[in-house]
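Let me begin by presenting the structure, written as structure tokens, before commenting on it.
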Amino acid sequence: MNTRTRSLAYGGAVTSERENLAVVIVTFNRPELLRELLVSAARMTRAPRWVVVVDNASEPATQDVLTAAAAAFPEGTLVNHRLERNTGGAGGFHEGARVALDLGADWLWFMDDDVEIIPEALDLFAPWMERFGCIHGRRYDVDGTPFYWQAKFNQFLGVPLPYTVGSFSSDGYAVTNSGTFEGMLIHAGVVRRIGLPDSRFFISWDDAIYAWLAAQVTTVVYVDIFVLHRKRVQRQVNLGIRHLNDASDLTRYHMMRNRAYVGRYFDVHGQLHRVGFAIGTALTFAKEIVRLLLVERTLRGTRVLVTGWRDGRRIWRDRAWEPMPPLAGAPTIEGGPWQEV
Numbered sequence: 001m002n003t004r005t006r007s008l009a010y011g012g013a014v015t016s017e018r019e020n021l022a023v024v025i026v027t028f029n030r031p032e033l034l035r036e037l038l039v040s041a042a043r044m045t046r047a048p049r050w051v052v053v054v055d056n057a058s059e060p061a062t063q064d065v066l067t068a069a070a071a072a073f074p075e076g077t078l079v080n081h082r083l084e085r086n087t088g089g090a091g092g093f094h095e096g097a098r099v100a101l102d103l104g105a106d107w108l109w110f111m112d113d114d115v116e117i118i119p120e121a122l123d124l125f126a127p128w129m130e131r132f133g134c135i136h137g138r139r140y141d142v143d144g145t146p147f148y149w150q151a152k153f154n155q156f157l158g159v160p161l162p163y164t165v166g167s168f169s170s171d172g173y174a175v176t177n178s179g180t181f182e183g184m185l186i187h188a189g190v191v192r193r194i195g196l197p198d199s200r201f202f203i204s205w206d207d208a209i210y211a212w213l214a215a216q217v218t219t220v221v222y223v224d225i226f227v228l229h230r231k232r233v234q235r236q237v238n239l240g241i242r243h244l245n246d247a248s249d250l251t252r253y254h255m256m257r258n259r260a261y262v263g264r265y266f267d268v269h270g271q272l273h274r275v276g277f278a279i280g281t282a283l284t285f286a287k288e289i290v291r292l293l294l295v296e297r298t299l300r301g302t303r304v305l306v307t308g309w310r311d312g313r314r315i316w317r318d319r320a321w322e323p324m325p326p327l328a329g330a331p332t333i334e335g336g337p338w339q340e341v
């Protein structure tokens, strides 16, 4: 069968051609990194239909980069979508997904602005797009070595635990229920079924829970192909099975506060183990203390962690809280891999 015209379905509802893909980038005040990413996007051997850039109310230099980059793409490919306020990564991907769906995208490839795309990425993804509805490729680190990749939620603790390369099957993939917006490739039918990314997270846990939601309706996988190259240098400590990178107080706060959002989603789906989740939250706090000690060499961020934990209690008590709703036209999904038409 010609892979350029192959169509797939959820429960018999036919989707459009696989190549109708939008790269969705969220950026905030990193114009040089964005420029390098857009250069790599323009050099892809299989071009995306759209490159949607959500500018999270950056300084003018970001718009200068987007204006200059437009000439490298066919007319209408580069979509410059500037927000009036910074909505965080979660808000940016929420808006980027909405724009991509409005354009008519059938696949959405989410990524931050601090990576470059391997030229053959979409060719490498192609056979996996025949089989799965939510896919993650691998990433090279800044120095060109394989980047630590995770993870799969331990459902009892509610925390993502790391994979190793040995977790790949002989077929070259590993099934997961977690993920990252630094490279998540997801079918529009899945997005419509689980709703847009939840902007309330602002940053932290938003991508992990989004892949978890996807895993409730389709198969989510990591595949043993390298598709991105990380570009942002961070302080880090190598613990062998994983790295601990530096983090800001803003990230630390949301790391703890957003545990409540994760728990609320688990609860809605009947998969919350309250005792285990409390233990997982305590372990998350402990991990952030270790990060402070080993990477930052300080304990000054401890108060921020406590504040985030405390504010999360308000989310637990919010009787008006609701999950993100499915979108209009959401297909009925039985779960498992794609069905061929």
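In UniProt numbering, the protein residues as written are 1 to 341. Ideal placement from N, C-alpha and C gives every residue a C-beta, glycine not left out.
Cβ distance (whole Å) where residue i is taken to contact residue j below 8 Å
i: T27; j: N56; result: 7 Å
i: F181; j: F266; result: Their Cβ separation, rounded to whole angstroms, is 20 Å, which puts F181 and F266 out of contact at 8 Å.
i: A214; j: V223; result: No, A214 and V223 are not in contact; Cβ-Cβ is about 15 Å, not under 8 Å.
i: R257; j: G301; result: No, R257 and G301 are not in contact; Cβ-Cβ is about 14 Å, not under 8 Å.
i: V142; j: R230; result: 5 Å
Where the alpha helix (DSSP H) containing residue i begins and where it ends
i: T284; result: R274 to R291
i: P160; result: First-last for P160: V159 to P162, but that is the beta strand (DSSP E), not the alpha helix (DSSP H).
i: I203; result: Unbroken run through I203: none, as it is neither H nor E.
i: H269; result: Taken as a continuous stretch (DSSP letters only), H269 belongs to no alpha helix (DSSP H), as it is neither H nor E.
i: L250; result: D249 to R257
i: L294; result: Looking at the DSSP string, L294 is not in any alpha helix (DSSP H), and its letter there is neither H nor E.
i: V306; result: T302 to R317
Residue from the options whose Cα sits closest to the Cα of residue i
i: L122; options: A41, N86, G96 and S178; result: A41
i: E19; options: A61, D64, F125 and L33; result: F125
i: G104; options: S58, W128 and V191; result: V191
i: G88; options: G301, S204 and V115; result: S204
i: Q155; options: D171, H269 and V52; result: H269
i: G323; options: I194, A188, E116 and M256; result: Here the sequence assigns Pro to residue 323, which means Gly is not the residue at that position. Checking every option, the nearest Cα to that of P323 belongs to I194.
i: T67; options: L38, T45, W128 and G91; result: L38
i: A72; options: W107, T218 and R35; result: R35
i: L21; options: R274, F226 and D102; result: D102
i: residue 349; options: F285, V159 and S170; result: No information on residue 349 is available, as it lies outside the stretch 1 to 341 that the chain covers here.
i: D106; options: A90, P197 and L185; result: L185
i: S199; options: N86, V65, A69 and H81; result: N86
i: R82; options: P74, T62 and A97; result: T62
i: E75; options: L294, G96, V99 and A47; result: A47
i: C134; options: D114, I118 and L108; result: L108
i: A211; options: A260, P160, H254 and D171; result: P160
i: P325; options: D311, E95, P197 and R43; result: P197
i: D311; options: L272, L292 and R259; result: R259
Endpoints, the beta strand (DSSP E) within which residue i is located
i: R138; result: C134 to Y140
i: I117; result: V115 to I117
i: T176; result: Y173 to T176
i: L196; result: It is not in any beta strand (DSSP E) - L196 carries neither H nor E in the DSSP assignment.
i: F168; result: Note, F168: premise wrong, no beta strand (DSSP E); not H, not E.
i: L185; result: M184 to H187
i: R232; result: Note, R232: premise wrong, no beta strand (DSSP E); not H, not E.
Per-residue burial, residue i [other beta carbons within 10 Å of its own, 16 or more giving buried]
i: W316; result: exposed
i: K152; result: buried
i: T298; result: exposed
i: L8; result: Any reading at L8 needs caution, since the residue's pLDDT is 39, under 50, leaving its predicted position unreliable; the model's value is listed next. So L8 ends up on the buried side.
i: E32; result: exposed
i: residue 371; result: Because residue 371 is not part of the residues shown, which for the chain are 1 to 341, the question remains open.
i: V290; result: exposed
i: K287; result: exposed
i: T45; result: exposed
i: S169; result: exposed
i: S248; result: exposed
i: E116; result: buried
i: R49; result: buried
i: A174; result: buried
i: T5; result: Residue confidence for T5 is low, a pLDDT of 30 falling below 50, so the modelled location carries little weight; the figure read from the coordinates is stated next. T5 is exposed by the Cβ-count criterion.
i: G329; result: exposed
i: A188; result: buried
i: G137; result: buried
i: P146; result: exposed
i: A282; result: exposed
i: P331; result: buried
i: T15; result: Note on T15: pLDDT 39, under 50, position unreliable in the model; the coordinate value appears next. Result: buried.
i: V341; result: Because V341 carries a pLDDT of 23, less than 50, the predicted location of this residue cannot be relied on, and the following value inherits that uncertainty. Classification for V341: exposed.
Min CB distance residue i to chain B below 7 Å
i: V51; result: The structure shown contains no chain B, having only a single protein chain.
Unbroken alpha helix (DSSP H) runs of length 4 or more, entirely within the UniProt domain "Glycosyltransferase 2-like" (23-158): which are they?
Segments of the alpha helix (DSSP H) lying fully in the UniProt domain "Glycosyltransferase 2-like" (23-158): 31-42, 60-69, 88-103 and 121-129.
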